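Numbering (mature numbering (1 follows the signal peptide of the UniProt record, and there is no 0)) for the sequence shown: -21 to -1, 1 to 314.
Even for Gly, the Cβ is constructed at its ideal location relative to N, Cα and C.
Everything numeric in this text was worked out from a predicted model, so none of it was measured.
So the structure is just underneath, and the comments pick up after that.
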Amino acid sequence: MRLLMPVCAALALALTPLASAVPVKPAWTVPGVGWQGFAASGELLTRPRLASGEWAGTLERRDPATGEVRARLDLAPDMGLLTVTPDLTGGAWLNRSGDVLTVRTPGREWRASTPGLSGTLFLRFSPDGNTLVLGNANGYVQLWDVAAGERRATLLLASRPEAVAFHPDGERLAVNERGWHANRSSVTLWRLSTGEQVGEVPGVRGVLRPFAFAPDGTLVVPLAYSVGWLDPVSGRVVRRLPTYTEPCPPDGQAERTCARGVWTASLSADGQRVLANSAERRGGEDMPVARLYDAGSGALLGTWDTPHASATLSPDARTLLLNTWMGELQGVTLP
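Written out as structure tokens, the structure is:
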């Protein structure tokens, strides 16, 4: 994706008011851990890295405000890819060879080993914990029935799956594929209970970051150098953030502005705040920044410098989580 686009000042692009960026001041820093996501409670989930460079078979529950460990879950020493249910009562993982799937739920643990597990890229539990979704580099997604310990369906795609998103109705799954097809959307919709394809999102192409459903059922995706909320059935743009613009380099002439793209974005749990990772030009160089917006009005609430890091918004919108290029996690308290 291009991140800088010249635009004529006469075009009807919404100019985002310039807000002075604030240098980040981490409230805490934790080295040598990998971020695994957030629990339904809002806790931060991490895995420590071993001296060998491999990830430990332990999941840590941390307070996002302080970074302190609240609890540790010991799962398995030979653990590769991992996911847990939102309420943390269940977990699923592949061994490091990627050919054995283990699922642990309250009172039960089962394993599966099939050739179709090789090439798995990610594992995700549905919000209710009843379905386990596995995305595979060979162009398919598997749906596993957690209670029965059986594969329910295999979703055959046109190309490699990059991400999945669960609709708030609990019945539909959206899959984003890598492939770029001139006459085909890169987002397909499937019924979780049967694996039946129920549609696709019109007009969407390529790998999408962000890719998530908002609480109101709209699909949040990158949209023309910004972030948009789409109706997943019609593809209609329901709303979008203003496009951030600045004077074009190198001359910075007032009559020419450039639109800044969004690398990725994250939503608060209630859908009212959205954090966008982008950049702005300063002193002849691009400075990575994180911009916080009100999702309803599109108002810019704050901008933070995020050098050498990617930022994620905590579910309660109170903490900025920085995943640094030095292998550290940092937490920044938001005003």
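### Task
May I ask you to report which of helix, strand or coil DSSP gives Pro226?
strand
So, are the CB atoms of Arg26 and Thr8 less than 8 Å apart? no
**Request:** On a CA-only basis, which of Val12, Gly32, Thr45 and Glu33 is nearest Thr298? Give me that one, please.
**Result:** Thr45
Just checking my contact of Gly149 with Asp195 at CB under 8 Å: how many whole Å lie between their CB atoms? At roughly 15 Å, the Cβ-Cβ gap does not stay under 8 Å, so Gly149 and Asp195 are not in contact.
| said: Taking 6 Å as the limit between beta carbons, can you name the residues of its chain near Phe101, skipping five residues before and five after? | reply: Gly114
Task: Coil, strand or helix - Gly70 by DSSP - done: strand
| task | Kindly indicate which residue of Gly158, Cys237, Leu246 and Pro226 has the alpha-carbon position closest to the one of Leu198. | result | Residue Leu246 is the option with its Cα nearest to Leu198.
- Query: Looking only at its own chain, which residues have a Cβ that is under 6 Å from the Cβ of Ala248, when we skip the five neighbours before and after it?
  - Reply: Pro294
Looking at the structure shown, is Pro221 part of a helix, part of a strand, or coil, going by DSSP?
coil
- Counterpart residues of Asn155 in DSSP-defined beta bridges: Ala142 and Val166
If you draw a straight line from the C-alpha of Leu96 to the C-alpha of Gln121, how long is it? 9 Å
Residues that Val216 bridges to, as DSSP identifies them: The partner list for Val216 (beta bridge, DSSP) reads Leu209.
**Asked** If we count Cβ pairs, one from each stretch, closer than 8 Å, do we get three or more for the region 210 to 224 versus the region 175 to 190?
**Response** Three or more Cβ pairs drawn from the region 210 to 224 and the region 175 to 190 lie within less than 8 Å of each other, which places the two stretches in contact.
Would you kindly check if the distance between the Cβ of Ser172 and the Cβ of Gly158 is under 8 Å?
-> no
- Mark Leu136 as exposed unless 16 or more other C-beta atoms lie within 10 angstroms of its C-beta, in which case mark it buried. buried
Cβ separation of Val166 and Leu152, assumed to be a contact under 8 Å, to the nearest whole Å:
Going by Cβ atoms, the distance from Val166 to Leu152 rounds to 11 Å, so no, they are not a contact pair.
What three-state label does DSSP hand Leu171 in the structure shown?
coil
- Query: Considering Asp53, what are the terminal residues of the beta strand (DSSP E) in which it resides?
  - Reply: Run containing Asp53: Val48 to Asp53, per the beta strand (DSSP E) assignment.
Review point. Using the C-alpha atoms, what's the distance from Leu134 back to Asp265?
Key: 41 Å
* Since Ala55 contacts Thr84 with CB under 8 Å, what's their CB separation in whole angstroms? -> Not quite, the Cβ-Cβ distance comes to about 15 Å (not below 8 Å), so this is no contact.
**Message:** Using CA atoms only, rank isn't needed, just tell me which of Gly21, Arg87 and Leu111 is closest to Leu61.
**Reply:** Leu111
With a 10 Å radius around its C-beta and 16 neighbouring C-beta atoms as the bar for buried, classify Leu209 as buried or exposed. buried
### Task
Compute the distance between the beta-carbons of Ala244 and Thr222, then report whether it is under 8 Å.
It is not a contact, given that the beta carbons lie outside the stated cut-off.
Q. In whole angstroms, what separates the C-alpha of Thr303 from that of Ser20?
A. If I take the Cα positions, the gap works out to 24 Å.
Item checked: Sequence-distant residues of its chain with Cβ nearer than 8 Å to Glu129 (five each side left out) -> Trp123
In whole angstroms, what separates the C-alpha of residue 341 from that of Ala191?
In this structure the chain extends from -21 to 314, so residue 341 is not present and cannot be described.
Distance between Thr291 and Pro10 (C-alpha atoms, nearest Å): 17 Å
Taking the C-alpha atoms as reference points, what is the distance between Trp34 and Arg235? 48 Å
Original post:
How far does the beta strand (DSSP E) with Ala271 in it reach, from first residue to last?
Top reply: A quick correction: the sequence has Leu, not Ala, at residue 271. Start and end: Glu264 to Asp273.
### Message
With distance defined between alpha-carbon atoms, name the residue in Ala127, Leu23 and Leu308 nearest to Thr285.
### Response
Leu308
Just to confirm, is the Cβ distance from Ala18 to Leu67 under 8 Å?
It is a contact, given that the beta carbons lie within the stated cut-off.
query: When the distance is taken between beta carbons, is Val268 closer than 8 Å to Ser276?
result: In this structure, Val268 does not lie closer than 8 Å to Ser276 by Cβ.
query: Looking only at its own chain, which residues have a Cβ that is under 7 Å from the Cβ of Val200, when we skip the five neighbours before and after it?
result: Val183, Leu187, Pro189, Phe190, Gly207 and Leu209
field: Cross-strand partners of Arg40 (DSSP beta bridge)
entry: Leu24 and Ala50
**Item:** Contact under 8 Å by Cβ, Tyr272 with Leu313
**Value:** no
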